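Reading through the structure tokens given below for one structure.
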Amino acid sequence: MTTGSLLAVDLAIAVLAAAAWLGGGAASAARRRPLALGLAAFALLATLARAFTTIALARAGWWFAGEKVLIAAPLSLAAVVVAGPRLLRAPGDIRSLAVPLLFAGYAQSGGLLVTLLHGYPASAGVGLLALAGVVAATGVSWRVLGARPSRMVSRAALVVAVATLVTGTGLAVAPEAAPGVPHGPGYPTARTADEPTRRFALTAGTATVSVSGRDVAAWAFNAQVPGPELTATVGDVLEVTLRNRDITRGVTLHWHGYDVPNSQDGVPGVTQAAVLPGQEFVYRFRADQVGTYWYHTHAVSDVGVRMGLYGVLVVRPAPMTGVDVTVPVHTLAGLALPEPRTEPVEAGVPVRLRLINTDSTTHRYALAGTPFRVAAIDGYDLRGPASLVDTAVLIPAGGRYDLVFTAPPTPVALFVDGRPVYSTGPVSAATGAWPVLDPLTYGVGSPVPWSRVDKEFTLVLDRGLDLRGLLPRYAHTVNGAADPDIPSQVVRLGDVVAFTIVNRSQIVHPWHLHGHHVLVLSRNGEPATGSPLWLDSFDVRPGEVWEVAFRADNPGMWANHCHNLAHADAGMTLHLMYS
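The sequence shown runs 0 to 578 under numbering that gives the first Met the number 0.
Have a look at this one:
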């Protein structure tokens, strides 16, 4: 069983145990003896079963079990100690079991709420808050059922309440002070001085576009979705003028996966101000990275990208021979893009399919009708890629795969989530049962290009209640905090920096660091053995632990965030900064 499955099972057991304890208490109060005893017995077994899932999670990593061991386990033990002996005695007056069973239910619920509303990291304040809630709820139940708490219970409740106030809830204070993110780059502006050899102009504005025969309201570059495809040859100097016609919330251009100088990265409030209606901004950088990339707005990016403010950027080593096809996959107003297209290709012609996932969720791609190789991922060529057949690939949000093959005399088709998007002729294929390529074991390996690590950071991805703003929100968190309260990661130029990224939530988080590609070292403790994987977007699935590293060679202040853009908007964004 995977760690993600264990997290889900543990959560389900905790919910069932809490519900059964509370149900047993309610049945006891109603003098429904068989139901009360049955629910209580089930709750006791579920509570004991949760001990095994907690131990298993602790073995997978303390990140997954900290609050369960330190807070939920003592509360569960108290539940068993208080309710267990009384349950075994099965008194004649079943109503006398009501308060002990309700106490057990509150104890289980307290531990469960700590996991759901606070998560990582556990703290004394959160534990005391949970305990205070359990004591208070038990006291109320005692009074409602016509009994009065003993002096000992009343004094214990008072002590817990005072300790909670003194220690703090642990929810209102960030783990450590987070430095403010500066407006403007704050670093020397690195712009290429050469005259541009490729000039483009992009105008952002509201538009109506046609998708599958339907008119759809969109935000678009140059009134089209996706925006114009920007192409260059290595050595070109690109100049892109961005104008905003009427996007009231502002726009920018972020060159996803392309490691531009910091001043050109397009993050509002960090590297530039958002371009408001009537304004413009000029981006200029050298095309020195061959590969498949894309661009999108980073101003209100969750809405902007979803509405259509994105396009393709391709840098080629030289004029290409053969067929070169870009396939940017997107969902606009619930409709899938691109629409299916058929382009006959003569047998023997080399073909490169540039697959780009511009959505916020993973897509499954399958190429039917020919053997193929994955030549590049996220703009980096793979070393010794082997020929594949009847194999699917999963591309995370923001990710890109280049598939290459020689056109056979028979038709070939590309399917995305079972939907045909590109073909050279009619193809009927069932690809749903095909195995999925693991890029960590694909291709030929080579040694890690450094012998030391200068800085190490751990990012624990979770969900939790964020009380630091004017209104509470259920945020996506990193190390227990949400943007803008997540401390920045500070590095020095030349440092080798290692990240351990842990996902203890039940949601996939596609991770994306601006300005750098990271080398994948391991996943779940298993070293990467295939071609060196230099990625800018990778899925951290529930329960997974990724270890990646990079050399800090691009000074500036860089966004580091989940590329499910709704998650980033809901708190899962921090910054990497050079000292």
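Heads up, the beta-carbon is just placed ideally off N, CA and C, and yes, glycines get one too.
Keep in mind the model is a prediction, meaning the values are calculated, not measured.
If residue i and residue j are in contact, beta carbons under 8 Å, what's the gap, nearest whole angstrom?
i, j, result
"V420", "P339", "6 Å"
"P410", "T423", "5 Å"
"H368", "V426", "Residue identity differs from the one stated: residue 368 is Gly in this sequence, not His. Correct: roughly 5 Å between the Cβ atoms."
"D258", "G555", "Not really, about 11 Å apart at Cβ, beyond 8 Å."
"V311", "I355", "6 Å"
"A551", "L492", "6 Å"
"S27", "A97", "4 Å"
"V507", "L439", "Contact flag wrong, Cβ pair sits at about 17 Å."
"A129", "G109", "4 Å"
"V236", "T270", "With a Cβ gap of about 19 Å, V236 and T270 do not count as contacting."
"R372", "A298", "Actually they are not in contact, since the Cβ atoms of R372 and A298 sit about 38 Å apart, beyond 8 Å."
"G23", "A35", "5 Å"
"N478", "V459", "5 Å"
Taking the Cβ atom as the reference point for each residue, do residue i and residue j lie within a distance shorter than 7 Å?
i, j, result
"L229", "V274", "no"
"L111", "A13", "yes"
"T291", "V250", "no"
"P395", "T361", "yes"
"R472", "D461", "no"
"D535", "D377", "yes"
"V443", "S386", "no"
"N563", "S359", "yes"
"L5", "A55", "yes"
"A16", "A57", "no"
"H475", "A406", "no"
"S487", "M576", "yes"
"P370", "V388", "yes"
"G463", "H117", "yes"
So the candidates are the options; which of them puts its Cα closest to the Cα of residue i?
i, options, result
"T52", "M0, A77, I93", "M0"
"P384", "L47, L393, A374", "A374"
"V415", "F404, G431, T2", "G431"
"R30", "R94, P343, A206, R49", "R94"
"V302", "A474, A219, R244", "A219"
"L532", "M306, P541, R522", "R522"
"V113", "L470, P195, T196, L74", "L74"
"L402", "R353, R363, V495", "R353"
"A567", "G24, V490, P483, A286", "P483"
"K454", "V496, A121, V80", "V496"
"W254", "G268, V314, G234", "V314"
"N553", "V539, S578, E543, A480", "S578"
"A206", "A217, A298, A7", "A217"
"E238", "H117, A412, V281, G37", "V281"
"P541", "S504, H516, P526", "S504"
"A565", "R285, H516, W510", "W510"
"G226", "G307, L21, Q278, D193", "G307"
"V350", "T357, Y379, L393, L413", "L413"
"Q278", "V539, P120, T202, Y119", "T202"
"A365", "A429, T357, R399", "A429"
"A121", "V143, A64, P99, W141", "A64"
Considering just the uninterrupted stretch of the alpha helix (DSSP H) at residue i, what are its terminal residues?
i, result
"F280", "Looking at the DSSP string, F280 is not in any alpha helix (DSSP H); the run it does join, the beta strand (DSSP E), is 279-285."
"H508", "H508 -> not in any alpha helix (DSSP H); beta strand (DSSP E) instead, spanning 508-512."
"V66", "In the sequence on display, residue 66 carries Glu and not Val. Element bounds for E66: 61-66."
"V81", "72-88"
"V14", "2-28"
"W141", "123-143"
"M306", "300-306"
"H566", "564-568"
Along the chain, where does the beta strand (DSSP E) containing residue i start, and where does it finish?
i, result
"G209", "Note that residue 209 is Ser in the sequence shown, not Gly. Unbroken beta strand (DSSP E) run through S209: 197-210."
"Y105", "No beta strand (DSSP E) holds Y105; the alpha helix (DSSP H) holding it covers 97-116."
"L413", "412-415"
"A365", "362-367"
"L237", "236-243"
"N502", "495-502"
"A335", "334-336"
"I376", "372-376"
"H515", "That residue, H515, is in no beta strand (DSSP E); it is neither H nor E in DSSP."
"V322", "322-331"
"A548", "544-550"
"Y441", "Segment: none, Y441 is in no beta strand (DSSP E) and carries neither H nor E."
"V311", "309-315"
"E455", "454-465"
Check whether chain C comes within 7 Å of residue i, counting only Cβ atoms and requiring the distance to be less than that.
i, result
"P395", "Considering every chain present, this structure includes no chain C. It has just one protein chain."
Sufficient close CB pairs (3 or more, under 8 Å) joining the segment 123-138 to the segment 90-108: yes
The segment 87-98 touching the segment 58-70, judged by at least three CB pairs closer than 8 Å: no
Any 3 or more C-beta pairs closer than 8 Å across the segment 488-500 and the segment 536-548: yes
Touching by the beta-carbon criterion (3+ pairs, under 8 Å), the segment 202-211 and the segment 332-351: Yes, the segment 202-211 touches the segment 332-351.
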